[in-house]
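Visitor: Here the sequence shown is numbered in our numbering, starting from 3 and rising by one per residue.
Note that CB positions come from ideal geometry on N, CA and C, so glycine has one too.
From a predicted model like this one, the values you see are computed outputs, not experimental measurements.
Sharing a structure here in structure tokens format.
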Amino acid sequence: MFGSTTVRWLGVLWLVLIGIGLFAILILIPSGTWLPEVASESGKLLLKRYNAISHLFFLLLLTATCLFLLHKAQSETATQYQTEKNAGSIKRILQWVRRHPLASGLFAFYASLMLQQASWFYKEIISWYKDIHTDHLLNNFALRWELVKETMFRNDFRFFPLSHQDLHILSWLTPYVSIWMLVNAAELVTICILSAKTAGELSNRSNRKEILLVFSILFLFDTATGFTFFQFIYSERIVTLLFAIYIYFYSHYWKSKRSRDQYLTILPALVGIFFKDTGFILFTVPPMFVLLAGCSGALAGRPKLSRKTLEAWINAYRLEICLISLIFVLAISFLFLSYIPSFYHGNNAYDSALRFSRFESDYRFGILMLTMATRSILIHLRKVRFSLLDAFNIGALAYALGLFALVGFRSSNYMALPVQLIATLNLTMLWIWATTPLIHKGDNTKLIGIAGVVASSCLIGIEHLEGKGFNHRISKMKVDQESWVQTYDRLRTITTNARQNGEEINIIYSKSWFRNRGPLERLNFDRLIYFDLEDDVYTVMEGVGKGSFYSPVKGDLLVNIDTGKRLATHHIDMTAYREIYNYNPNENNGKIFRRIQ
Numbered sequence: 003m004f005g006s007t008t009v010r011w012l013g014v015l016w017l018v019l020i021g022i023g024l025f026a027i028l029i030l031i032p033s034g035t036w037l038p039e040v041a042s043e044s045g046k047l048l049l050k051r052y053n054a055i056s057h058l059f060f061l062l063l064l065t066a067t068c069l070f071l072l073h074k075a076q077s078e079t080a081t082q083y084q085t086e087k088n089a090g091s092i093k094r095i096l097q098w099v100r101r102h103p104l105a106s107g108l109f110a111f112y113a114s115l116m117l118q119q120a121s122w123f124y125k126e127i128i129s130w131y132k133d134i135h136t137d138h139l140l141n142n143f144a145l146r147w148e149l150v151k152e153t154m155f156r157n158d159f160r161f162f163p164l165s166h167q168d169l170h171i172l173s174w175l176t177p178y179v180s181i182w183m184l185v186n187a188a189e190l191v192t193i194c195i196l197s198a199k200t201a202g203e204l205s206n207r208s209n210r211k212e213i214l215l216v217f218s219i220l221f222l223f224d225t226a227t228g229f230t231f232f233q234f235i236y237s238e239r240i241v242t243l244l245f246a247i248y249i250y251f252y253s254h255y256w257k258s259k260r261s262r263d264q265y266l267t268i269l270p271a272l273v274g275i276f277f278k279d280t281g282f283i284l285f286t287v288p289p290m291f292v293l294l295a296g297c298s299g300a301l302a303g304r305p306k307l308s309r310k311t312l313e314a315w316i317n318a319y320r321l322e323i324c325l326i327s328l329i330f331v332l333a334i335s336f337l338f339l340s341y342i343p344s345f346y347h348g349n350n351a352y353d354s355a356l357r358f359s360r361f362e363s364d365y366r367f368g369i370l371m372l373t374m375a376t377r378s379i380l381i382h383l384r385k386v387r388f389s390l391l392d393a394f395n396i397g398a399l400a401y402a403l404g405l406f407a408l409v410g411f412r413s414s415n416y417m418a419l420p421v422q423l424i425a426t427l428n429l430t431m432l433w434i435w436a437t438t439p440l441i442h443k444g445d446n447t448k449l450i451g452i453a454g455v456v457a458s459s460c461l462i463g464i465e466h467l468e469g470k471g472f473n474h475r476i477s478k479m480k481v482d483q484e485s486w487v488q489t490y491d492r493l494r495t496i497t498t499n500a501r502q503n504g505e506e507i508n509i510i511y512s513k514s515w516f517r518n519r520g521p522l523e524r525l526n527f528d529r530l531i532y533f534d535l536e537d538d539v540y541t542v543m544e545g546v547g548k549g550s551f552y553s554p555v556k557g558d559l560l561v562n563i564d565t566g567k568r569l570a571t572h573h574i575d576m577t578a579y580r581e582i583y584n585y586n587p588n589e590n591n592g593k594i595f596r597r598i599q
């Protein structure tokens, strides 16, 4: 893959860059009286320019590396792949649909559910894209500062420079969130197909058609999947997609040893480590344990580590060595793109108070742990060989522990989606192992397939009966979004009627996801007023007297689109207001009040 000379030069370059970074942190910044104060205008400008230049260089280098890997993979592609490609993508898709009619129907049904959920009213989306409809939709290729600032200009020791940038690019192509949701659906279908194929590869049962349907039912209707894919704002979508591509090509390489699969394993790993600060665990821990297993002689057909066979050992584990080396790439990137600017800025680490805060598992995680424990015992007793499944399981466990150490871990949360992917893979593998002895020359294949669908559906039903499953999560999200949309629409109707009647319109809002005022600024108003609940201060943000303090008067509108319980929590006196709209008395959101005195 890479010659020894290339590796040596890369090692020297890495040491030089590490030396420069450490010099900046230990000597240059602490003793740099020549540097401007970070709070000054020149300090802010210096920090902004450093982040812009360093991230631009990073993106150019990453793009060039990805193109190089794609070129190498293409050049290594065998003739059979070219033949398949010439068959035509549409024709192959139609053939696939005919082979998997039930899975295709399931995907179509699920995509329709996702489309019904599509809305602009997602948390960060409201502020990130507050100006997407400006300039007559002709300036769609402009960089969106809110999105760039969220990931590349944080200066709080967090590091995920590519996070949300898929949405950034998607917004250049279309402003319609329904299309965005279809892209979400395509990503999810890809994950299911690749993961099902991986299960077939790992079990040597790739000819069993029910694998796709069993895996899809279990994964699509998992709480973490709904949490993540029915919204746009979570980078776990792309991390899990890249991880699914990674385990698919890694499994292929494990059997075929084709260079093409080698490059296509490295590519998603290289990109994936920059989408989530804990993402590197998923892509580097599995090859670490493959390497350890190989060194101990636990892998069939792979050499043990010894001086006599060092060259053969390096050649046998070239992919694993490259994947583990991504840690050094990540370290250099983190040092220059996050640590140095954060150190200069003086911020504390983001969410440091949440470390080791909670660990909530579910039965899927329990089955994952049980499978790991059972296979570990069998490997120790030499009943089975260490496989990639064991490496992926260890990677998932390490990822869960990494989340627990940083922000806490909950199996139902969007952050746990990569772990749930591997847990679902294990459930599917257990089904394959359990039913393989029952297959008699294909006579009862359909019956076993039906049993798999019924069994996986029953597991989803049990989760639903517990009251915290997929349906509970999606229903709650739907209610929240409907309350936002309908309250905003009612507020627009109220302000439009007031404008037609010549009335003064003052809209008061407090801390919420609408704080950046994008949707609110499109309403009719004379003043848009922010109510600071902490200090009990009203400030005019837009309109007459912008920037001045304000005292509420009779007729003012106080809106609670998504403020929730904050008004009650801060003991705000509401006796001066009359409720004129309430989306649902059982919900804390979706209320409009008019001041009556």
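1. Which residue's Cα is closest to the Cα of R568: K556, G547, V542 and F533?
2. With respect to the beta strand (DSSP E) encompassing G545, which residues constitute its N-terminal and C-terminal limits?
3. Which residue spans inside the region 102-180 form an unbroken alpha helix (DSSP H) run of at least 4?
4. Would you give the residue range spanned by the alpha helix (DSSP H) that K593 belongs to?
5. Whether or not the region 198-212 and the region 423-439 are in contact is what I'm after, with contact meaning three or more pairs of Cβ atoms, one per stretch, closer than 8 angstroms; do they touch?
6. Please state whether DSSP places G228 in a helix, a strand or coil.
7. What's the call for P103, buried or exposed, on a 16-neighbour Cβ count within 10 Å?
8. Per DSSP, what kind of secondary structure is D528 in: helix, strand or coil?
9. Can you give the Cα-Cα distance for I20 and I55, rounded to whole angstroms?
10. Taking the alpha helix (DSSP H) that R580 belongs to, which residues open and close that run?
11. Is it true that the CB of N395 sits closer than 8 angstroms to the CB of I424?
12. How big is the Cα-Cα spacing for Y250 and R207?
13. Using DSSP with H/G/I as helix, E/B as strand and the rest coil, what is N349?
14. Assuming G397 and I283 make a contact with CB atoms under 8 angstroms, what is their CB distance in whole Å?
15. Rounded to the nearest angstrom, how far is the Cβ of N428 from that of L370, given a contact under 8 angstroms?
16. Mind pulling the alpha helix (DSSP H) runs of 4 or more residues that sit fully within the region 192-263?
17. I need the straight-line Cα distance from A573 to Y511, nearest angstrom please.
18. DSSP three-state label for E322, please.
19. Is I379 helix, strand or coil when you go by DSSP?
20. Alpha carbons only, please: which of I235, F70, L37 and L71 is nearest the one belonging to E126?
21. Less than 7 angstroms between the CB of Y365 and some heavy atom of the ligand NAP, yes or no?
22. With a cut-off of 8 angstroms, do at least 3 Cβ pairs link the region 335-347 to the region 53-71?
23. How far does the beta strand (DSSP E) with V409 in it extend, from its first residue to its last?
24. Using the rule of at least 16 other Cβ atoms within 10 Å of the residue's Cβ for burial, across every protein chain shown, is N588 buried or exposed?
25. When DSSP labels each residue in this structure, what does Y601 get in the three-state scheme?
26. Are three or more beta carbon pairs between the region 171-187 and the region 294-301 nearer than 8 angstroms?
27. Just checking my contact of S550 with V542 at CB under 8 angstroms: how many whole Å lie between their CB atoms?
28. Kindly confirm or deny that the region 453-470 and the region 241-260 touch, where touching means at least three C-beta pairs closer than 8 angstroms.
29. Assuming the contact rule is C-beta atoms closer than 8 angstroms, F229 and N415 should be a hit. Round their C-beta distance to whole Å, please.
30. For T489, count the other beta carbons within 10 Å of its own beta carbon; 16 or more makes it buried, fewer makes it exposed. Which is it?
31. To the nearest angstrom, how far is the alpha carbon of L399 from that of V273?
32. Tell me whether A271 is buried or exposed, calling it buried when 16 or more other Cβ atoms sit within 10 Å of its Cβ.
33. Name the residue from Y255, R262, K556 and W36 whose alpha carbon lies nearest to the alpha carbon of S77.
34. So R366 packs on S413, CB below 8 angstroms; how close in whole Å?
35. Would I598 and K556 qualify as a contact pair, given that the criterion is a beta-carbon distance under 8 angstroms?
36. Spell out the partners DSSP gives E362 in its beta bridges.
Guide: Let me lay it out:
1. Comparing Cα positions, the closest option is F533.
2. It spans V539 to G545 - the beta strand (DSSP E) in which G545 sits, taken as one unbroken run.
3. If we require 4 residues or more, the alpha helix (DSSP H) runs fully inside the region 102-180 come out as 103-119, 127-130, 147-154 and 167-175.
4. In this chain, K593 is not harboured by any alpha helix (DSSP H); it is covered by the beta strand (DSSP E) spanning K593 to R597.
5. Yes, they touch.
6. Three-state result, G228: helix.
7. Exposed is the call here.
8. The answer is coil: DSSP assigns D528 none of H, G, I, E or B.
9. A direct Cα-to-Cα measurement between I20 and I55 gives close to 18 angstroms.
10. It is not in any alpha helix (DSSP H) - R580 instead sits in the beta strand (DSSP E) that spans Y579 to N584.
11. In contact: I424 and N395 (Cβ atoms closer than 8 angstroms).
12. Spanning the two alpha carbons is a distance of roughly 15 angstroms.
13. Correct three-state label for N349: coil.
14. Separation of the CB atoms of G397 and I283 is rounded to 7 angstroms, and the pair is thereby assigned contact status at 8 angstroms.
15. Correct: roughly 5 angstroms between the Cβ atoms.
16. Counting only runs of 4+ residues, the alpha helix (DSSP H) found wholly inside the region 192-263 occupies 212-222, 225-231 and 238-258, in chain order.
17. Reading the sequence as shown, one finds His at residue 573 and not Ala. The alpha-carbon separation between H573 and Y511 amounts to approximately 16 angstroms.
18. If DSSP states are grouped into helix, strand and coil, E322 belongs with the helices.
19. Three-state result, I379: helix.
20. Ranking the options by Cα distance to E126, first place goes to I235.
21. Summarising the ligand content, the structure contains no ligands, and the ligand NAP is consequently not present.
22. Result yes; three or more Cβ-Cβ pairs closer than 8 angstroms.
23. Looking at the DSSP string, V409 is not in any beta strand (DSSP E), and its letter there is neither H nor E.
24. Exposed: under 16 other Cβ atoms inside 10 Å.
25. Nothing about residue 601 can be reported from this structure: the residues present for the chain run from 3 to 599 only.
26. Contact between the region 171-187 and the region 294-301 is absent: fewer than three C-beta pairs spanning the two stretches fall below 8 angstroms.
27. S550 to V542, Cβ: 5 angstroms. Contact.
28. Too few Cβ pairs lie closer than 8 angstroms, so no.
29. For a cut-off of 8 angstroms, the C-beta gap from F229 to N415 is around 7 angstroms, short enough to register as a contact.
30. With 16 or more other Cβ atoms within 10 Å, it is buried.
31. In this model, L399 and V273 are separated by some 21 angstroms (Cα to Cα).
32. Taking all protein chains shown into account, A271 has 16 or more neighbouring C-beta atoms within 10 Å of its C-beta and is therefore buried.
33. Relative to the Cα of S77, the nearest Cα in the group Y255, R262, K556 and W36 belongs to R262.
34. Sure, about 7 angstroms apart at Cβ, within 8 angstroms.
35. Less than 8 angstroms divides the Cβ of I598 from the Cβ of K556.
36. DSSP output for E362 lists R412 as bridge partner(s).
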